[in-house]
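Undergrad: Sharing a structure here in structure tokens format.
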Amino acid sequence: MEPNHLSGLNQSQLDAVLCVEGPVMIIAGAGSGKTRVLVHRIIHMMYQGADPFNILALTFTNKAAREMKKRISQASGDEARNLWMGTFHSVFAKLLRVEAPRIGYPSSFTIYDTDDAKNLIKEIVKEQGLDEKIYKPGLVYNRISSAKNNLFNWQDYQDNTELMNDDRHAGKPMIGTLFEIYQKRCFTSGAMDFDDLLYNTFVLLRDFPDLLHKYQHKFKFILVDEFQDTNYAQYMIVKKLAALNENICVVGDDAQSIYAFRGANIQNILSFESDYPELKTFKLEQNYRSTKTIVEAANCVIANNRNQLKKSVWTDNQEGELVRLMKALSDNEEGNLVANTIIEDKANMRLTNQDFAILYRTNAQSRSMEEALRRKGIPYRIYGGISFYARKEIKDLLAYFRLTVNPDDEEALKRVINYPKREIGKTSVEKVIVAAQRENTSLWKILERINEVETGISAATRARIADFVVMINSFQVMLKTHNAFDLASQIATSSGLLRELYADKSPEGVSHYENLQELLNGIKEFTDKGVTALPAPSSELEQSPELRTLDVFLQDIALVTDGETDEKNEDTVSLMTIHAAKGLEFPCVFVVGMEENLFPSQMALQSREELEEERRLFYVAITRAERKLTLSYASTRYRWGNLISCEPSRFIDEIDPKYVNDQTTAVARPSMFNPKSNWSGFGNRGNNVKESTPPAYKSRPEGFKKLGSTTNPSGGAVQTSTPFEADDCATIQEGMEVEHQKFGTGKVVRLEGVYPDSRATVHFPAHGNKQLLLKFAKLRILK
DNA sequence: GGAGGCCTCGGAAGG
DNA sequence: CGAGGCCTCC
Numbered sequence: 131m132e133p134n135h136l137s138g139l140n141q142s143q144l145d146a147v148l149c150v151e152g153p154v155m156i157i158a159g160a161g162s163g164k165t166r167v168l169v170h171r172i173i174h175m176m177y178q179g180a181d182p183f184n185i186l187a188l189t190f191t192n193k194a195a196r197e198m199k200k201r202i203s204q205a206s207g208d209e210a211r212n213l214w215m216g217t218f219h220s221v222f223a224k225l226l227r228v229e230a231p232r233i234g235y236p237s238s239f240t241i242y243d244t245d246d247a248k249n250l251i252k253e254i255v256k257e258q259g260l261d262e263k264i265y266k267p268g269l270v271y272n273r274i275s276s277a278k279n280n281l282f283n284w285q286d287y288q289d290n291t292e293l294m295n296d297d298r299h300a301g302k303p304m305i306g307t308l309f310e311i312y313q314k315r316c317f318t319s320g321a322m323d324f325d326d327l328l329y330n331t332f333v334l335l336r337d338f339p340d341l342l343h344k345y346q347h348k349f350k351f352i353l354v355d356e357f358q359d360t361n362y363a364q365y366m367i368v369k370k371l372a373a374l375n376e377n378i379c380v381v382g383d384d385a386q387s388i389y390a391f392r393g394a395n396i397q398n399i400l401s402f403e404s405d406y407p408e409l410k411t412f413k414l415e416q417n418y419r420s421t422k423t424i425v426e427a428a429n430c431v432i433a434n435n436r437n438q439l440k441k442s443v444w445t446d447n448q449e450g451e452l453v454r455l456m457k458a459l460s461d462n463e464e465g466n467l468v469a470n471t472i473i474e475d476k477a478n479m480r481l482t483n484q485d486f487a488i489l490y491r492t493n494a495q496s497r498s499m500e501e502a503l504r505r506k507g508i509p510y511r512i513y514g515g516i517s518f519y520a521r522k523e524i525k526d527l528l529a530y531f532r533l534t535v536n537p538d539d540e541e542a543l544k545r546v547i548n549y550p551k552r553e554i555g556k557t558s559v560e561k562v563i564v565a566a567q568r569e570n571t572s573l574w575k576i577l578e579r580i581n582e583v584e585t586g587i588s589a590a591t592r593a594r595i596a597d598f599v600v601m602i603n604s605f606q607v608m609l610k611t612h613n614a615f616d617l618a619s620q621i622a623t624s625s626g627l628l629r630e631l632y633a634d635k636s637p638e639g640v641s642h643y644e645n646l647q648e649l650l651n652g653i654k655e656f657t658d659k660g661v662t663a664l665p666a667p668s669s670e671l672e673q674s675p676e677l678r679t680l681d682v683f684l685q686d687i688a689l690v691t692d693g694e695t696d697e698k699n700e701d702t703v704s705l706m707t708i709h710a711a712k713g714l715e716f717p718c719v720f721v722v723g724m725e726e727n728l729f730p731s732q733m734a735l736q737s738r739e740e741l742e743e744e745r746r747l748f749y750v751a752i753t754r755a756e757r758k759l760t761l762s763y764a765s766t767r768y769r770w771g772n773l774i775s776c777e778p779s780r781f782i783d784e785i786d787p788k789y790v791n792d793q794t795t796a797v798a799r800p801s802m803f804n805p806k807s808n809w810s811g812f813g814n815r816g817n818n819v820k821e822s823t824p825p826a827y828k829s830r831p832e833g834f835k836k837l838g839s840t841t842n843p844s845g846g847a848v849q850t851s852t853p854f855e856a857d858d859c860a861t862i863q864e865g866m867e868v869e870h871q872k873f874g875t876g877k878v879v880r881l882e883g884v885y886p887d888s889r890a891t892v893h894f895p896a897h898g899n900k901q902l903l904l905k906f907a908k909l910r911i912l913k
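Take my numbering: the last position of the first sequence gets the number 913, and nothing is skipped along the way.
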């Protein structure tokens, strides 16, 4: 009698589950029950006596980790809590909290998110007097990021002639230097960015044999999900950890690798085979998700890629319906077509809204879909917007928390030192930065000694800075004595942040206030129940749970980026990019915008590698569908304000026609269901009337806008023959007659305040009364 | 200090 | 076209 957890698995799934020792690679086709195998494999390991404390399971998203943990605890109960399961970043962040002091970081180090990192880079570029147009923060950040993902630190970078030459040829020779400054600045701030979490973990394992030994013994069994998405650094860490026991299992599908553009390295799969000659490979090829037609269509497409592992995905499911191909005359009409088709399918197939997904290549495509759905009254939900923790008001309060836990955190400090307003302006902060550079220390350490350090900041401002320091100090004292919620409330109140947002009664302001309250509620829950947003690996590394303090909360959420965790049970159509759809499935899927230059993206046409990644993306899109797949394209589309004509995507032709129901030849038909609505002329553009005009005629004449905008200012400048010279406005008195460049002559009717903050009310016969700030206003005194 | 005009630029996105 | 950044002007 086989144990419970092994029932219901097919032979290859079972083989993969039972093989718990030695290096294992599981190549899992789309819909082949990959998560199921991982879950059952872990349960089986525990069943065989493996201690969950010794099992490390790494995923890419919090969502995947949550899901897996849930399924394991359902099957095997409480013991699942002791598993080390989480994203690469969260697991190694936990490790670093303990071990980072070895390389000079405080264990309370801050984790910089992408915004923090880019802000810092931007500032460094400015400080270095470099051109921000050439050294765009995002670009510099990506370059540094991919260096670290390949285990290059700034010295390695600067010593590498190839990298340095690349930069020189690209006209950006200073990136190596920026890397160095950025890294040192992060270090002084006690901060690591996402890539440092991996890089520093690797360094610890490489340079400290005792640590390597410790963690090799701790992690006797290692599993890696979505292996095709790992980058080099991640692979090297895993390889080091597994070197002693070699109980390592990686699961992935090369055909679904769609993140090469951000450093994922398919090469890792090939390296894995050569690094572990003893490797046992299992292939999960039976698809349980889709119809035969859909599976075959997907196979047709992926067969066009040269670079792939051999496997043949098949299914026992029924034949199902043909892949439907639809054509619209414009992007807006494509929206109508999809919306009408959903209404029809719902009736014909007895489906509800939540059975449908609309997938697209770029976010910009959602608009025409949304408009059409709204018009037909079909509820929908867009996935992948800005997450809760990325909102400004949330980041502001979190910055106070960060500063309390780690006052050296430069980005947090700059964010809140003058928010809410406490009259510590940009100039003063810049002076603090200069002093910090000079003394080779953090901004905070300068602030602490603001009256002893030479900064050139006025006594009044220094007093305000001292107040600020006292306030943060008071928070720091509470850190050890108060629970997270009490301290958080205290901070929200005495920082003035809560009051500031409460005062704003605009709809956005109200929502900001509510968001802050929501965050505080979350902290309350964390404090009361010890509920954490992350599936925290309980272990000896975790802090004592007696007092749930704010620093622990901060650590828990630092790596949470996927907003709401609770899936709402709303009956809505799902809209998302194909990337966001990975791992999901829907009975009915629409893949829209199947056009050349859009999908495949025009930016991917330069190389075979990039084109093949687009094709894998299409493969992912197709394999999301369970019962019915619909592809659509438009023959014209607005792009950046211009109407362009489009050709159908080459990917469409890659599907054997015998699997396709081509509806494009039967001219875009009005819906049988609601004939009028399709042509009701709602669309403000791209409706049938406008479409009758040839695109070339309609598109705006080239350069029109430019001409318009350049004539205006230069024409105006020419007319002002002599430059307007202003007098010293400090001497202006009530009753004087003055001349203003734009408003002409006028009379000063009132004067308030003391120069330079004085404000004059001037009456201009042609323009009425104007309030002018005298330090800015350019006025000529006439009388 | 902050609102509004002007210019620029546009890919997908996890932690 | 539209969002976001920067500069200007009050």
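We put the beta carbon where it would ideally sit given N, CA and C, even for glycine.
Computed from a predicted model, the values in this text were never measured in an experiment.
Going straight from the alpha carbon of T753 to that of A428, what length do you get?
TA: On the first sequence, position 623 is the one that residue 753 refers to. On the first sequence, position 298 is the one that residue 428 refers to. Each residue's alpha carbon lies about 7 Å from the other.
Undergrad: Between the segment 407-419 and the segment 151-159, are three or more C-beta pairs nearer than 8 Å?
TA: Segments in contact, yes.
Undergrad: Is DSSP giving S401 helix, strand or coil here?
TA: Indexing the first sequence from 1 puts residue 401 at position 271. Note: S401 maps to helix in three-state DSSP.
Undergrad: At which residues does the alpha helix (DSSP H) containing D340 begin and terminate?
TA: Residue mapping note: residue 340 aligns to position 210 of the first sequence, counting from 1. It spans 339-348 - the alpha helix (DSSP H) in which D340 sits, taken as one unbroken run.
Undergrad: Let me check understanding here. Comparing Cα to Cα, which of V368, F357, M322 lies closest to L335?
TA: Taking the first sequence and counting its residues from 1, one reaches residue 335 at position 205. Among V368, F357, M322, the Cα nearest to that of L335 is on V368.
Undergrad: Would you identify the three-state DSSP class for H930, choosing helix, strand or coil?
TA: Residue 930 lies beyond the residue range present for the chain, which begins at 131 and ends at 913; the question has no answer from this structure.
Undergrad: Roughly how many angstroms lie between the CA atoms of I264 and R196, to the nearest whole one?
TA: As a first step, residue 264 is located in the first sequence; it is residue number 134 there, counting from the start. As a first step, residue 196 is located in the first sequence; it is residue number 66 there, counting from the start. So the two alpha carbons sit approximately 41 Å from each other.
Undergrad: Can you tell me whether M733 is buried or exposed? The criterion is at least 16 other CB atoms within 10 Å of its CB, across all chains shown.
TA: If you number the first sequence from 1, residue 733 lands on position 603. Classification of M733: exposed, given that the 10 Å Cβ count is below 16.
Undergrad: Output the distance between the C-alpha atoms of P805 and E474, rounded to the nearest integer angstrom.
TA: As a working mapping, residue 805 is identified with position 675 in the first sequence. As a working mapping, residue 474 is identified with position 344 in the first sequence. With a pLDDT of 34 at P805, under the threshold of 50, the modelled position of that residue is not reliable, and no figure is offered here.
Undergrad: With DSSP collapsed to three states, give me the class of R745.
TA: Within the first sequence, numbered from 1, the residue matching residue 745 stands at position 615. Helix.
Undergrad: State the CB to CB distance for the pair V150 and M175, rounded to an integer number of angstroms; the pair is presumed to be in contact (CB under 8 Å).
TA: Start at 1 with the first residue of the first sequence, and residue 150 comes out as number 20. Start at 1 with the first residue of the first sequence, and residue 175 comes out as number 45. Correct: roughly 5 Å between the Cβ atoms.
Undergrad: Determine, using beta-carbon pairs with one atom in the segment 215-235 and one in the segment 519-531, whether at least three such pairs fall under 8 Å.
TA: Counting Cβ pairs under 8 Å, fewer than three are found: no touch.
Undergrad: Should the segment 352-361 be called in touch with the segment 375-390, which here means at least 3 C-beta pairs below 8 Å?
TA: Cβ pair count under 8 Å is three or more, so yes.
Undergrad: Starting from Y632, follow the alpha helix (DSSP H) in both directions and report where the run begins and ends.
TA: Locating residue 632 in the first sequence gives position 502, counting from the first residue. Its alpha helix (DSSP H) spans residues 627-633.
Undergrad: For G876, count neighbouring C-beta atoms within 10 Å of its own C-beta (all shown protein chains included) and say buried if the count is 16 or more, exposed if not.
TA: As a working note, residue 876 is residue 746 in the first sequence. The residue in question, G876, is buried, as its Cβ has 16 or more Cβ neighbours within 10 Å.
Undergrad: Near N395, which residues of its chain fall below 6 Å by C-beta distance, leaving aside the five closest residues on each side in sequence?
TA: The sequence position of residue 395 within the first sequence is 265, counting from 1. Here the set comprises N361, Y362.
Undergrad: Around the C-beta of P853, are 16 or more other C-beta atoms found within 10 angstroms, so that it is buried, or is it exposed?
TA: The residue you call residue 853 lines up with position 723 of the first sequence. Low local confidence applies: a pLDDT of 40 at P853 is under 50, so the model's placement there is unreliable, with the coordinate-based value given in what follows. The residue in question, P853, is exposed, as its Cβ has fewer than 16 Cβ neighbours within 10 Å.
Undergrad: Excluding the 5 residues flanking N140 on each side, which residues of the same chain have their C-beta closer than 7 Å to its C-beta?
TA: On the first sequence, residue 140 is found 10 positions in, with the first residue counted as 1. Contacts found: Q416.
Undergrad: Rounded to whole angstroms, what is the Cα-Cα separation between E584 and Q736?
TA: For the purposes of this step, residue 584 is identified with residue 454 of the first sequence, where counting begins at 1. For the purposes of this step, residue 736 is identified with residue 606 of the first sequence, where counting begins at 1. Cα to Cα, E584 sits roughly 55 Å from Q736.
Undergrad: Enumerated in chain order, which unbroken segments of the beta strand (DSSP E) with a length of 3 residues or greater are wholly contained in the segment 228-253?
TA: Counting only runs of 3 or more, we get 240-242.
Undergrad: Report, in whole angstroms, the separation of the C-beta atoms of A458 and S762, which I expect to be a contact under 8 Å.
TA: Taking the first sequence and counting its residues from 1, one reaches residue 458 at position 328. Taking the first sequence and counting its residues from 1, one reaches residue 762 at position 632. 6 Å between Cβ atoms; contact.
Undergrad: So, using beta-carbon positions, are S625 and M608 closer together than 9 Å?
TA: Against the first sequence, residue 625 aligns to sequence position 495. Against the first sequence, residue 608 aligns to sequence position 478. No.
Undergrad: By DSSP, does P717 sit in helix, in strand, or in coil?
TA: To locate residue 717, count along the first sequence from 1; it is residue 587. DSSP places P717 in strand when its eight states are reduced to three.
Undergrad: With a cut-off of 8 Å on the beta carbons, I'd call Y329 and K278 a contact; round off their distance for me.
TA: Numbered from 1 along the first sequence, position 199 holds the residue referred to as residue 329. Numbered from 1 along the first sequence, position 148 holds the residue referred to as residue 278. With a Cβ gap of about 5 Å, Y329 and K278 count as contacting.
Undergrad: State whether the segment 756-770 contacts the segment 453-470, with contact taken as three or more CB pairs (one from each stretch) at a distance under 8 Å.
TA: These segments touch.
Undergrad: Apart from the five residues just before and just after T318, which ones in its own chain have a Cβ nearer than 6 Å to its Cβ?
TA: Working through the first sequence from its first residue, we reach residue 318 at position 188. Excluding residues within five positions, the ones whose Cβ falls inside 6 Å are S572.
Undergrad: Helix or strand or just coil, what does DSSP make of N478?
TA: Numbered from its first residue, the first sequence carries residue 478 at position 348. It is helical.
Undergrad: Grouping DSSP H, G and I as helix and E and B as strand, with all else coil, what is S775?
TA: As a working note, residue 775 is residue 645 in the first sequence. Strand at S775.
Undergrad: For C149, which three-state DSSP category applies?
TA: Along the first sequence, one-based indexing puts residue 149 at 19. Three-state DSSP puts C149 in coil, outside helix and strand.
Undergrad: Mark H299 as exposed unless 16 or more other C-beta atoms lie within 10 angstroms of its C-beta, in which case mark it buried.
TA: Position 169 of the first sequence, counted from the start, is the residue given in the question as residue 299. Classification for H299: exposed.
Undergrad: Taking the alpha carbon of V690 as the reference point, which residue from A223, I185, R171 has its own alpha carbon closest?
TA: The count along the first sequence starts at 1 and reaches residue 690 at position 560. Closest by alpha carbon: A223.
Undergrad: Starting from the Cα of Y345, find the closest Cα among D323, F324, K370 and give me that residue.
TA: Counted from its first residue, the first sequence places residue 345 at position 215. Nearest option by C-alpha distance: K370.
Undergrad: Let me make sure I understand the geometry here. Which of E541, F716, T657 has the alpha-carbon closest to that of Y312?
TA: Taking the first sequence and counting its residues from 1, the one referred to as residue 312 is at position 182. Ranking the options by Cα distance to Y312, first place goes to E541.
Undergrad: Please report how far the alpha carbon of S619 lies from the alpha carbon of N645, in whole angstroms.
TA: In the first sequence, counting from the first residue as 1, residue 619 sits at position 489. In the first sequence, counting from the first residue as 1, residue 645 sits at position 515. Approximately 14 Å, taken between the alpha carbons.
Undergrad: What are the residues that DSSP puts in a beta bridge with A321?
TA: Residue 321 sits at position 191 when you count from the first residue of the first sequence. Answer is T240, bridged to A321.
Undergrad: Within the segment 518-562, note down every full alpha helix (DSSP H) run reaching 4 residues or more, in order along the chain.
TA: Counting only runs of 4 or more, we get 522-535, 540-546.
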